[in-house]
Structure formats: structure tokens, C-alpha cells
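Worksheet for the structure shown next.
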Ligand SMILES: *Cc1c(COP(=O)(O)O)cnc(C)c1O
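Numbering (this note's numbering), first residue to last: 15 to 479.
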């Protein structure tokens, strides 16, 4: 299998090359040149399904016996043996908990695997990477946890200063390792993401430092997330029966993985894109237009995003894989700060996607009403997903089709919101109990590209190689 860029002007890559490259040279994102068809044994076993699904994307460039070991090691770090859990709420609405990994958010599912893949591939090649990533809160800690203490990597993570929760920040800044570097940027998540993109788009700089990506611009992350959509269908009975997924969305990586599963043959009649007050995707899926606004800080900070990188992968498909058209549309979006797509394009997504958005008050009410109904305590991101699932169910369309709502974080990661709703919050797991006593390590920098670039140079051990 080959990977092509969504902008159509970068060289094709195999899986391992796409893994190490992250962003394509033309500024695009890598996607498979065609979608394989998923054939699974249907047992719902996570490790077995993970291997069956991801083999389709990796077989030509990765020794499959070794790959199997990398998968097993990645998920051995999870608190649940079955890796993810599926619980029925009521009315054919199910909750799939994806947050039982080391940093308590669903990002671990992909990043624990990506860390192992980086390590194997770099050792094999005798190479070194400088990982640079932006985080709205959870990517940072999951990436740091996956990359810390590895000799062939340095990792620099930019987070928006004062816009991530205290638990999120401490999960990053309290990691004391020779190869981990945290930077607090005076700006928003979109500013952090733009800084990272600008570093990647400076090809000379990027090649000199051998920059690698852990954001969901990296195809390997999306690939790893396809697995749990398949596992959910298997555990509900079969991969042939229809299942709707409701996905709390920020950068569009998670829900795009659902779409990828659908492209590979999984029966997903509809994907619900659940957003907080940053509702740019809701506008897109309901009205085929997007207008960039200021980022509104909410109780679900990992979704406080206006420009969702991975939407580019969907746009690439909507425009029949014409990279030139993708590029001109996205340039127009950046310069005009708004776009509208034509009705022939809109017709391609209007019946298979739905966008919903909710404000903080609704999120608080949802956390308390779900706790009352079932005793299950949702974090504010997962609550946005459940709100979308319930609203969709109440519309009486798609009756009888199960809806799986993805739970993306452990409630103890967002204690302020949960306490506001319930007056109490479950504790952090034992292994994180002293998080608030641990010393923090980070550098504060202005939202300035040159300053940040120089800082990354000072963190990288690339010259020592
Ligand atoms: C990252 C994140 C999201 C958003 O996922 P995307 O793949 O960026 O759309 C939702 N919830 C939590 C808890 C997250 O960490």
C-alpha cells in the first residue's frame, strides 16, 4: 500500500516513511492511495482485531511478526485487559470507554502504538527524530508518555498557556526525562498548531532537525483509531449490522478514523460530529459552510479548536482526490476566513454525517443527569458525545440502529467540571495520586515563530548523532 498527499504534490510513501514524515512536503496529509477492505474474525478481541485491521495498512513495509509484538506491548500499558469497554446506557445507546491508558484519554490508544513504531523504525535505520507537537491538552501527555526516555527521540510539546486543565498540564510538565521538553505558548491551541505547521513547512529547518509529528496529521494515529470502531461493531454482534457513532470532536482525527473504517467496509450509516461551543464543524455539516471565529474556552478544552487539521482528509475525498482543488480551497479558507462548498459537494456528505454542538450548561446538565440515570460519571468531552447521541435518538430518525458514543477521557482528568455537576469527582487512579505534589518542568515562550524555532534547536540532540 502506498500513501499519497492530500495536496497531490509530494512524493508517495510507504507506511514506515509516512510514519516518520508526518506532514507531507507539500503541506498536505498522507492518506492510503486506496481503501482496503476489512475482513475480521469478529471476536471483538482488541489485540486480535488490531492486528487484523492494521496489517492491511502496514504489511508491505513492516515485518508482521514484529508488528504483532509492538501491538501487544502498546496495549499492555492499559488498565483494562480488553483495552476498551462497551457499556449499554439505554435506548440502544452505548458508551465505549477509550480512556483506560496511561494518561487517561483516548489519545493513548494511538500514541502508545506510535511510540513503539517510532522506536522500532528509528533503531532499524540508525536514525534520530525531533518530535514537535501542539496540544490542546491530552495529546501532549499521551505523546510524552509514549516517547519519554527513548534514546532515538527528543520530544518538544507546545501547549497554550493557561488554557489546559491543571491535571492535563501536570501530566506533561511533571515528567522528568532527558528527552522531554514542555513549552507553554502565550496563545491558543490554534496558535500552537500554526507554529508546528510553520516549522514543518520550512523544509530546510525540518530536514536539519529531522522533525517528526505526533499530532493526528500523522497517518499512523488515525490508523490505530480505526481499530475500536471495528471492535465496537464486533462486540455488538457483527461487522455487517449498522452502527452509528457519536464522536466528541476537536481536530477531526477520531471521527475521521470512523470514516476510514466506513471506507473499508464497516457498516456505519452515519457519523455524529459532536462539538462544544466552537461549532465550526457543526456549521460545515449542517450548512456546508465554515467561518473562523475566535476560539471560545470551554469546559472541554481538548475540543477548543476552530481549524480542524484532519478535515483536509475528508475534503480530499469530497473533491475526488484532486490535490490542486484541496489546496486552493484551503488557501481561500485561510485568506477569506470562510468558505462555502457547492451543493454537489454537499450532497456527498449530507446524509452520512450530522453535526451537533452544545454549550457548557448543557454539558453540566448532561453529566448530572447521566450520573442519576446510570451512575456513570462522564467527563465533559464524553458528555458532548452523549448529548449528540441522545439528541439524535430523540429525533426518531435511524430508529433501532445502535448508537455508540465514544468516551474520550476519564472524569478525574477534568475535576472542576465534574464537581460543578455532581458536587464531587472520582479520584485519579493510584499511580497518579501524588500528581499535585510533583515538581513541574516547562519553558514559557511568546507566540513567535523564530523564538520557538530556536528553542526547539536547543532541545534537539540531533547533532550528537
Ligand atoms: C483530543 C480529544 C478530543 C478530540 O479528538 P480529535 O481527534 O482531535 O477530534 C476529544 N476528547 C478528548 C478528551 C481529547 O483528548
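By construction, the Cβ of each residue, glycine as well, lies at the ideal position given by its N, Cα and C atoms. All of these numbers come straight from a predicted model, not from anything done at the bench.
Check	Outcome
Where residue 366 and residue 412 are concerned, what is the direct C-alpha to C-alpha distance, given to the nearest angstrom?	11 Å
Inspect the beta-carbon positions of residue 452 and residue 184 and report whether they are closer than 8 Å.	yes
In three-state DSSP terms, what is residue 479?	Residue placement at residue 479 is poorly supported in this model, since its pLDDT is 46, which falls under 50; the coordinates are not used for a value here.
Quick one: give me the first and last residue of the alpha helix (DSSP H) that residue 386 is part of.	374 to 388
Just how far apart, CA to CA, sit residue 393 and residue 194?	28 Å
Which of the three DSSP states is assigned to residue 437 in this structure?	coil
Out of 361, 350, 280 and 270, which one is the CA nearest neighbour of residue 300?	361
Please classify residue 323 as buried or exposed, where buried requires at least 16 other C-beta atoms within 10 Å of its C-beta.	buried
At 4 residues or longer, what runs of the alpha helix (DSSP H) sit wholly inside the segment 390 to 460?	394 to 408 and 429 to 436
Please classify residue 94 as buried or exposed, where buried requires at least 16 neighbouring CB atoms within 10 angstroms.	exposed
Along the chain, where does the beta strand (DSSP E) containing residue 352 start, and where does it finish?	352 to 354
Could you check if residue 356 is buried or exposed, using at least 16 other CB atoms within 10 Å of its CB as the buried criterion?	exposed
Measure the C-alpha to C-alpha separation of residue 479 and residue 296 and round it to an integer number of angstroms.	A caution first: residue 479 carries a pLDDT of 46, below 50, which makes its placement in the model too unreliable to give a value.
Taking all protein chains shown into account, decide if residue 472 is buried (16 or more other Cβ within 10 angstroms of its Cβ) or exposed.	exposed
Measuring CB atoms only, is the segment 117 to 134 touching the segment 222 to 238, in the sense that at least three cross pairs come out at less than 8 Å?	yes
Let me know the secondary structure DSSP gives residue 15 once reduced to three states.	coil
Taking buried to mean at least 16 other C-beta atoms within 10 Å of its own C-beta, is residue 435 buried or exposed?	buried
Which parts of the segment 64 to 120 are runs of the alpha helix (DSSP H), unbroken and 4 residues or longer, counting only runs that do not cross its ends?	78 to 90
For residue 195, which of helix, strand or coil comes out of DSSP?	strand
Look at residue 66 and residue 55 and say whether their C-beta atoms are less than 8 Å apart.	yes
What three-state label does DSSP hand residue 153 in the structure shown?	helix
One question on the structure: do residue 45 and residue 327 come within less than 8 Å of each other, judged by their Cβ atoms?	yes
Is there at least one Cβ from chain E nearer than 8 Å to residue 73's Cβ?	Here chain E cannot be found, since the structure has a single protein chain.
Ligand 1 and residue 153: does any heavy atom of the ligand fall closer than 7 Å to the residue's C-beta?	yes
On a CA-only basis, which of 274, 24, 108 and 311 is nearest residue 241? Give me that one, please.	274
Skipping 5 residues on each side, what residues in its chain have a beta carbon closer than 7 Å to that of residue 182?	151, 152, 155 and 427
According to DSSP, which residues form a beta bridge with residue 49?	Answer is none; residue 49 lacks a bridge partner.
Alpha carbon to alpha carbon, how far is residue 24 from residue 420? Give it in angstroms, no decimals.	34 Å
Kindly confirm or deny that the segment 74 to 93 and the segment 214 to 231 touch, where touching means at least three C-beta pairs closer than 8 Å.	no
Taking the Cβ atom as the reference point for each residue, do residue 3 and residue 406 lie within a distance shorter than 8 Å?	As shown, the chain starts at 15 and ends at 479. That puts residue 3 outside it, with no answer to give.
According to DSSP, simplified to helix, strand and coil, what is residue 142?	coil
Pick helix, strand or coil for residue 287, following the three-state DSSP scheme.	strand
Between 307, 107 and 332, which has its C-alpha nearest residue 291's C-alpha?	307
Between residue 415 and residue 256, which are expected to be in contact by the criterion C-beta below 8 Å, what is the C-beta distance as a whole number of angstroms?	5 Å
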